[in-house]
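Keeping their order, the protein sequence lines are chains C and A. The opening position of the first sequence corresponds to residue 28 in my numbering, with each subsequent residue numbered one higher. The opening position of the second sequence corresponds to residue 35 in my numbering, with each subsequent residue numbered one higher.
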Amino acid sequence: SQTIHQWPATLVQPVGSPLSLECTVEGTSNPNLYWYRQAAGRGLQLLFYSVGIGQISSEVPQNLSASRPQDRQFILSSKKLLLSDSGFYLCAWRYGTGMDEQFFGPGTRLTVL
Amino acid sequence: KNQVEQSPQSLIILEGKNCTLQCNYTVSPFSNLRWYKQDTGRGPVSLTIMTFSENTKSNGRYTATLDADTKQSSLHITASQLSDSASYICVVGSFSGGYNKLIFGAGTRLAVHP
Numbered sequence: 028s029q030t031i032h033q034w035p036a037t038l039v040q041p042v043g044s045p046l047s048l049e050c051t052v053e054g055t056s057n058p059n060l061y062w063y064r065q066a067a068g069r070g071l072q073l074l075f076y077s078v079g080i081g082q083i084s085s086e087v088p089q090n091l092s093a094s095r096p097q098d099r100q101f102i103l104s105s106k107k108l109l110l111s112d113s114g115f116y117l118c119a120w121r122y123g124t125g126m127d128e129q130f131f132g133p134g135t136r137l138t139v140l
Numbered sequence: 035k036n037q038v039e040q041s042p043q044s045l046i047i048l049e050g051k052n053c054t055l056q057c058n059y060t061v062s063p064f065s066n067l068r069w070y071k072q073d074t075g076r077g078p079v080s081l082t083i084m085t086f087s088e089n090t091k092s093n094g095r096y097t098a099t100l101d102a103d104t105k106q107s108s109l110h111i112t113a114s115q116l117s118d119s120a121s122y123i124c125v126v127g128s129f130s131g132g133y134n135k136l137i138f139g140a141g142t143r144l145a146v147h148p
């Protein structure tokens with residue numbers, strides 16, 4: 028069976044510090060991978076998606092970047108965090124890009140102080 | 035602009051009662067509609083997925099309906115349980131440029147009280 032992991036589960040970082048969130052998927056190969064941010068009272072916002080190693084598409088301009096160094100590893104990074112980067116970050120995967128179900132990870136709660 | 039709006043924003047019901055959550059969307063082109071359940075501090079979990087040709091789909095005590103003409107969907111929960119307390123998110127898929135983009139609603143926060 029497939030599982031998706033995210034770490035850390037929670038993170039408190041000062042403004043201006045770097046960020047690295049990691050997401051890994053087990054039990055599948057060549058998944059499509061996604062990073063979302065969820066702000067309180069708002070819908071999930073797609074940040075990045077990747078259809079393969081080294082292939083990253085950005086949905087919105089922001090202070091963040093993403094990388095996919097391995098088939099089942101997706102990393103969300105920032106060189107200098109802003110207060111507005113606080114939120115709940117979710118990684119997700121699915122087989123294809125059509126009707127396939129999308130599976131979400133447990134999420135990372137990031138607080139920037 | 036593609037949008038998904040859900041109502042009510044929050045809802046409190048007593049255990050054992052039924053409830054219905056609403057979703058209105060303005061998404062084009064429409065591909066599919068999904069309902070997710072998200073427990074606090076956890077990732078969303080899929081409940082149902084429907085295409086435009088499907089009017090209703092059930093998953094246990096959860097029944098989703100879709101009216102593609104009026105662009106409305108509902109999620110009906112029967113005989114609610116305490117474990118149903120969660121946020122319920124309506125998500126509309128739009129297939130464009132070879133990619134099925136998902137547009138998320140803000141969710142309805144449901145609290146089931148004993």
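Heads up, the beta-carbon is just placed ideally off N, CA and C, and yes, glycines get one too.
Notebook entry, point to check: Where S44(A) and T142(A) are concerned, what is the direct C-alpha to C-alpha distance, given to the nearest angstrom?
Noted result: Rounded to whole angstroms, the gap between the alpha carbons of S44(A) and T142(A) is 5 Å.
Item checked: Residues from the segment 77-100 of chain A in contact with chain C, defined by Cβ distance under 9 Å -> Correct list: G77, P78, V79, S80, I83 and T85.
Checklist line | Contact list for the segment 60-75 of chain A against chain C, Cβ threshold 9 Å | finding: For the segment 60-75 of chain A, which is checked against every Cβ of chain C, the residues closer than 9 Å are S65, N66, R68, Y70, Q72 and G75.
Notebook entry, point to check: Using the beta-carbon of each residue, which ones in chain C are nearer than 8 Å to G139(A)?
Noted result: What G139(A) touches in chain C: G70.
Notebook entry, point to check: Nearest CA to the CA of R95(A): which residue from T74(A), F129(A) and S114(A)?
Noted result: The alpha carbon of R95(A) has as its nearest neighbour, out of T74(A), F129(A) and S114(A), the alpha carbon of S114(A).
Notebook entry, point to check: Would you say W62(C) and A93(C) are within 8 Å of each other, going by their C-beta atoms?
Noted result: Yes.
Item checked: Under 8 Å from the C-beta of G134(C): neighbouring residues of chain A -> The contact set of G134(C) on chain A, defined by CB atoms closer than 8 Å, consists of G75, R76 and G77 in chain order.
Next item on the list: Buried or exposed for W34(C), please, with buried defined as at least 16 other CB atoms from any protein chain shown within 10 angstroms of its CB.
Entry: So W34(C) counts as exposed.
Notebook entry, point to check: What span of residues does the beta strand (DSSP E) with G54(C) cover, start to end?
Noted result: That residue, G54(C), is in no beta strand (DSSP E); it is neither H nor E in DSSP.
Next item on the list: Measure the Cβ-Cβ separation of L109(C) and V139(C) and say whether it is below 8 Å.
Entry: Yes, the Cβ-Cβ distance between L109(C) and V139(C) is below 8 Å.
Check: Counting Cβ pairs closer than 8 Å, one from the segment 38-57 of chain A and one from the segment 111-128 of chain A, do we hit at least three?
Finding: As far as the Cβ criterion goes, the segment 38-57 of chain A touches the segment 111-128 of chain A, which means the pair count is three or higher.
Next item on the list: Give a yes or no on whether the minimum CB-CB distance between L136(A) and chain C is below 8 Å.
Entry: At least one chain C Cβ lies under 8 Å of L136(A).
Margin query: Taking CB distances under 8 Å as the criterion, tell me whether F101(C) reaches chain A.
Written below: So, not an interface residue.
Next item on the list: Give a yes or no on whether 8 Å exceeds the smallest Cβ distance from L74(C) to chain A.
Entry: Not an interface residue.
Margin query: Using only the alpha-carbon positions, how far apart do Y122(A) and F86(A) sit?
Written below: One C-alpha to the other measures close to 20 Å.
Next item on the list: Can you grab the Cα-Cα spacing for the pair G132(C) / A102(A), in whole Å?
Entry: Taking the CA atoms as reference points, G132(C) sits about 30 Å from A102(A).
Next item on the list: With N66(A) as the anchor, note down where its beta strand (DSSP E) starts and where it stops.
Entry: First-last of the beta strand (DSSP E) with N66(A): N66 to Q72.
Margin query: So, with DSSP's three-state summary, where would you put L103(C)?
Written below: When secondary structure is reduced to three states using DSSP, L103(C) falls in the strand class.
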